[in-house]
Each structure stands twice: as structure tokens, then as C-alpha cells.
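Engineer: Note that the sequence shown covers residues 1 to 196 in this note's numbering. Can you read through this structure? Questions will come right after.
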Amino acid sequence: MKSTFIAFSDEKTQRPNEDENEELAFSELYSRYFRALFNYTYSKVNDQFIAQEIVQELFISIWKQRQSNTIQSNQAYLFASVKNLIISYYRKEYTRQHHYSQWEIHSEKSTESTDQPLLTADLQQHYEDGLRLLSPKCREVFLFSRKGHSNREIAQQFAISEKTVEQHITKARGLLKTYLKEHLAYALLSVFSFLD
């Protein structure tokens, strides 16, 4: 029974007479062009599933519009239509990727801005814990240096030599850097502003 439709022209398979079976005519059109359309589409999208979806979408559209179709050349029409569907697919994919990228950037910024105060507070707490590990004199000298006083001013304030001031500051930096090692990635950005 299908062999009757093989002799039909493309136009005839798409628009059979009322006494002909529309489904058989459509089936013949599908059999004639599905593989070629699929291969063409696959060469453009490089994904079998997407290629099949696009070609299926084309044939569904043709079936839905079968009564009102006025296509003169099915082969040219089918390939032009599938090309338009491929372009449409890429537009949608580009838009989806763009929106996803924007969401990702927004999400990262949101996470960073949420985590920033927590990280800063955590780092400050570890810094203060590290300071408590220093001897009282070393801690005082180091904190005084953080307030912008020169080694000479600190030496006069504590009645010690400038060399001793330098040794206290060096010792404090070394101990704090070791203590804050687990937070080093963040400490490199923040703590060294305290230590320099």
C-alpha cells in the first residue's frame, strides 16, 4: 500500500487529494526526507538528540499545517525550514547561556558579599588570638608599630633600643604569619595590611 505513494511527487505527498490517506502520504514524505534532514541538522548542531528533536519539530509543524500548506517544492522548503529551526535553536541556546552566565555572576557576587563580613570577622578573631600568644612587651611594641609610630618613637616610649623594637616586630610578624597559615589565602589579601 505504501508503494502507491512512492510514485507521488513531493507536493502530492504533502497535500494528498481528499480520497487519499493523509497519514500514508505524510509517512512517505517523512521516510523520504527524515534521514537527509537529520544528517544535515546533525552536521550543524553536533548532537544527535538535538538534531532529532529539530527534525521532529519540523515534521510536527508540517502535519499540523497540512490542510493550509501551499508548498511548491518540498525539498527546498524542508531544508530551508530546518535551517531556520537550527538558527532558532542557536538563538535560544545563546540566550539561555547568556542568562545562565548572568545568573552565575550575580550568584557569585551575592555569595561573596554575604561571606565577606563572616570571613573578615573570622580573620580578625584569629589575628587577635595570635596576638595573645605574644609576650606582653612584644605585643605592646607590635601594636604600637601598627598605629604608625616609628621604631625610634617606640624605643623612646618603652625605654628600649631600636634594635630591640625591630626584634619584637619581626618576632610578632613571624608568629602571626605561622598562626594564620590556615587562613593564608585570605590573610594574604587582608592581614598583611596589618603586618606591614
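Don't be surprised by glycine CBs; every beta carbon is placed ideally from N, CA and C. Being a predicted model, the structure only gives us computed values, none of them experimental.
Taking three-plus beta-carbon pairs below 8 Å as touching, is the stretch 127-144 in contact with the stretch 90-105?
Structural biologist: Output reads no: the stretch 90-105 does not touch the stretch 127-144.
Engineer: Please list the terminal residues of the continuous alpha helix (DSSP H) segment that includes Gln-65.
Structural biologist: Per DSSP, Gln-65 belongs to no alpha helix (DSSP H) and is neither H nor E.
Engineer: By how many angstroms is the C-alpha of Leu-133 removed from the C-alpha of Thr-178?
Structural biologist: In a straight line, the C-alpha of Thr-178 is about 12 Å away from that of Leu-133.
Engineer: Please report the distance separating the alpha-carbon of Lys-83 from that of Thr-120.
Structural biologist: Taking the straight line from one Cα to the other gives about 54 Å.
Engineer: Starting from Leu-37, follow the alpha helix (DSSP H) in both directions and report where the run begins and ends.
Structural biologist: Note, Leu-37: alpha helix (DSSP H), 22-45.
Engineer: Taking the alpha-carbon positions, what's the Phe-34 to Lys-92 distance?
Structural biologist: Cα to Cα, the separation comes out at about 23 Å.
Engineer: Identify whether Leu-134 lies in helix, strand or coil by the three-state DSSP scheme.
Structural biologist: In the structure shown, Leu-134 sits in coil (DSSP, three-state: anything other than H, G, I, E or B).
Engineer: Quick check: what's the CA-CA separation for Ile-45 versus Gln-67?
Structural biologist: It is Val, not Ile, that sits at residue 45 in the sequence shown. C-alpha separation (whole angstroms): 31 Å.
Engineer: Along the chain, where does the alpha helix (DSSP H) that runs through Lys-171 open and close?
Structural biologist: Unbroken alpha helix (DSSP H) run through Lys-171: 162-179.
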